Every structure is written in C-alpha cells, then in structure tokens.
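Here's the structure we're looking at; comments come further down.
In UniProt numbering, the protein residues as written are 1 to 171.
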C-alpha cells in the first residue's frame, strides 16, 4: 500500500512533550485508524524531536497539511528518517493492561516483539504488561519492532518506560 507522509518540526526537545503534542494533534486532526504518528530524534547543531504523520491517501495528506498550517505548524514532505518511534498507530488503543504477545501481533501494527538480551522471539502466550505505553520502533527494513524486557512473574514489559527517571536524578 502506498503511504503519504509529512514532518512537523515544532522545536521540541524531549520525548514526553513530543508524545503529548503528537496525541493532541492526532485528536485534533481526527486521524483515521490507518494513520501513523511517530517521533524522530534530530541530531546536529540543534538536537530536537520531530513528529511525522503517515497517512493512507494523498487527499488525506493534503487535508492534514492544510489543518496543520491553519493551526500554525509548518510541515515538510516525507519523514526525517526510516527509524521513527511509533506513538500513534493502528491497534495502539488495544494495547492496555496486560496482553499476550499474540494479542500484540494480531491486534496492532507491530510486526515483531524482541526481548532485550534474549534468544529468539517470545512465545505467543507470553504476557506483556504494557503500562499503557507501547512505543515500537520502525526498523530500516520496514518492520515495526517492539523491544521488551523480562519482568516479574514470567512477564515482559516494554523497554521504554512511561516516566523514566532522569539520569543522575539523585545527585
């Protein structure tokens, strides 16, 4: 399926703020279920987090571009890189509480789950405690990969936690 994409660079410097803006814009734009909203780390002289929207049709892309411009956001065609971090994606609303790996793969756009430091993929019946915060990463081969890590009770949790402790927080 052909996809259409655009990038918004709002000068945001942290992922939590970028996630919040992405959710806000997705709701205001009333994006359809097949849309993706991703964050991209932009390095260089001015490090920041850019947002991208990937949509299923050119007319929808044009509508989103116009609505973003009306809200004061500049957009550019395409995505900053192929390895965006998916925040809004098909099936994300089904990934709440505790679900099985089979649920993750059948109910969402996630193609694969890998366990950090683990051999092979987890069994379909393995439980994933989502923390209601599931952020898979696009791989350069086009696969949407969720990285998980082992947790208590033979469960897994997403590698990215919803409220990370800043480095050196206790100093």
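Cβ coordinates follow ideal geometry from the N, Cα and C atoms, glycine included. Because the structure is a prediction, the values reported are computed rather than measured.
Annotated three-state conformation of residue 52 is strand, per DSSP. Counting the other Cβ atoms within 10 Å of the Cβ of residue 52 gives 16 or more, which makes it buried. The bridge partners DSSP lists for residue 12 are 49.
Per the C-alpha coordinates, the member of 91, 130, 148 and 141 positioned closest to residue 119 is 148. For residue 75, the uninterrupted beta strand (DSSP E) segment begins and ends at 75 to 77. Between the alpha carbons of residue 89 and residue 34 lies a gap of roughly 7 Å. For the set 104, 109 and 111, the Cα lying nearest the Cα of residue 156 is the one of 104. In this structure, the beta-carbon distance from residue 150 to residue 135 does not fall below 8 Å. Separation of residue 26 and residue 58 (C-alpha to C-alpha, rounded to the nearest whole angstrom) is 17 Å. DSSP places residue 157 inside the beta strand (DSSP E), whose first and last residues are 155 to 158. The stretch 78 to 86 and the stretch 137 to 144 touch, with no fewer than 3 CB-CB distances between them shorter than 8 Å. Around residue 133, the same chain offers 162 as residues with beta carbons nearer than 6 Å, after the five sequence neighbours per side are excluded. Around the beta carbon of residue 40, a 10 Å sphere encloses 16 or more other beta carbons of the protein chains shown; the residue is thus reported as buried. Cβ-Cβ distances below 8 Å link residue 21 to 10, 12 and 51 in the same chain, with the five nearest sequence neighbours on each side left out; the list follows chain order.
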